[in-house]
Amino acid sequence: MPAPFNALKAALSAGKITRGLWLSLGQVALAEIAGTAGFDWCMIDAEHGPSGVPEILTQLRALENGNTAGAVRLPMDQPWLIKKALDIGVQTLLIPMVNTADQARAIVAATRYPPAGIRGTGGSVIRAADYGKSPDYARTANDQICVLVQIETGQAMDNIESIAAVDGIDGLFIGPADLAADLAADRGLLGHSDARLEADILAALTRIRAAGVAAGIIGYDRDQLASYVKAGANFVGVGADGPMISRLFATAAADFTALTPKSTT
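In structure tokens:
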């Protein structure tokens, strides 16, 4: 049997607009709920969330029970960690803080079996190869791996076209918060955004799509998301589990408080 077909990679390659949810809390029950909510993909966040490899695996299994592609954001671009993620069955990776084409090439190489890359083989034991029951996995896996890299610094913004031109890079994802932080010294944007940064982000999304790869971003309100899609974004995060649940809880508490009688004391 060959490696499983990566429908998300195919959709992005075809230029389709996909929507997804960030899973940052590391909870398998939330992955089960999100996996049947109608998203095209869910991003298991192992960079800023608590998930390690075992937690990634349980959430990946939960998403596989639904009809939603599982993607994983790793905390760094280390080949050993990329290998572990791929070996448990992850097919779509998001790698943070990628600033140059050379860094992007090294990341792609870590996801490919030789001679195209340096990924270590272990087909007789890994989950991705169905624990040895898929003898064609290693021969076919390279074509089904989707590599997305994050653009989060001024240097990376300057290098968008050269990073996008790296063979094996499927998309560039703008990280607004870290981009703002990188620009904080001269713009005072740590933890915030402004009109100038939003304009830079929109221009970057257009440049990414013009370079022939998917353009990714996460947003938190309808108007912002609409502007990102208009600029060319087609790998679009529509929110994250933690903030969404926080808002729902606060709304529920406030709604009930509004129903309760005011104190007459």
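The opening residue of the sequence shown carries number 9 in my numbering; numbering runs sequentially from there.
Heads up, the beta-carbon is just placed ideally off N, CA and C, and yes, glycines get one too.
In this text the structure is predicted, and so the values were computed from the model without any measurement.
Under 8 Å between C-beta atoms of residue i and residue j
i	j	result
T26	N242	yes
A212	I182	yes
T161	N73	no
L233	V246	yes
G131	A112	no
M165	L102	no
L65	D249	no
A218	L180	no
G78	L68	yes
Coarse secondary structure for residue i, derived from DSSP in three states
i	result
R204	helix
V61	helix
V174	coil
R230	helix
T44	coil
G162	helix
Q152	helix
V116	helix
P12	coil
R336	This structure does not reach residue 336, given that the chain is present from 9 up to 273, and the question cannot be answered.
L33	coil
S142	coil
Y121	coil
Bridge partners - residue i, DSSP secondary structure assignment
i	result
V157	I103 and L180
V80	I52 and L101
V244	R27 and I225
Beta-carbon proximity list for residue i, same chain, < 8 Å, skipping 5 on both sides
i	result
I126	P87, A117, A118 and R120
A19	T26 and D48
R135	L65, D95, I96 and G97
V133	Y139 and G140
Closest by C-alpha distance to residue i, when choosing among the options
i	options	result
V155	T214, T100 and L65	T100
G220	D53, E169 and S142	E169
L187	G179, R217, I226 and I153	I226
I216	Q158, R230, D263 and P251	Q158
D95	L38, V244, G128 and R69	G128
P184	G176, D202 and D178	D202
I210	L256, Y139 and Y236	Reading off the sequence shown, one finds Leu at residue 210, where the question assumed Ile. Per the Cα distances, Y236.
I313	L29, L16 and G23	In this structure the chain extends from 9 to 273, so residue 313 is not present and cannot be described.
A11	A239, A109, K92 and Q152	Q152
A137	V36, P123 and A93	A93
A109	A15, N167 and D229	N167
I115	L191, T214, F257 and G176	G176
F13	A45, D144 and D85	D144
T274	R230, E206, T259 and A239	Not covered by the structure: residue 274. The range shown for the chain is 9 to 273.
R255	K17, K91, D229 and R81	D229
M9	L33, K141 and A261	K141
L4	G60, A45 and G46	Residue 4 cannot be examined here, being either before or after the span of the chain that is shown, 9 to 273.
L16	T259, V80 and P251	V80
Residue i: CB within 7 Å of a non-hydrogen atom of the ligand ADP
i	result
I64	This structure does not include the ligand ADP; it has no bound ligands of any sort.
Close-in-space but distant-in-sequence residues of the same chain around residue i (CB under 6 Å, 5 per side omitted)
i	result
P104	E55 and Q158
L71	A39, G43, C50 and G78
P163	With the sequence shown as reference, residue 163 is identified as Gln, and Pro is not the correct amino acid for it. The residues are N107.
R204	none
Within-8 Å CB hit, residue i to chain C
i	result
G97	The structure shown contains no chain C; it holds only a single protein chain.
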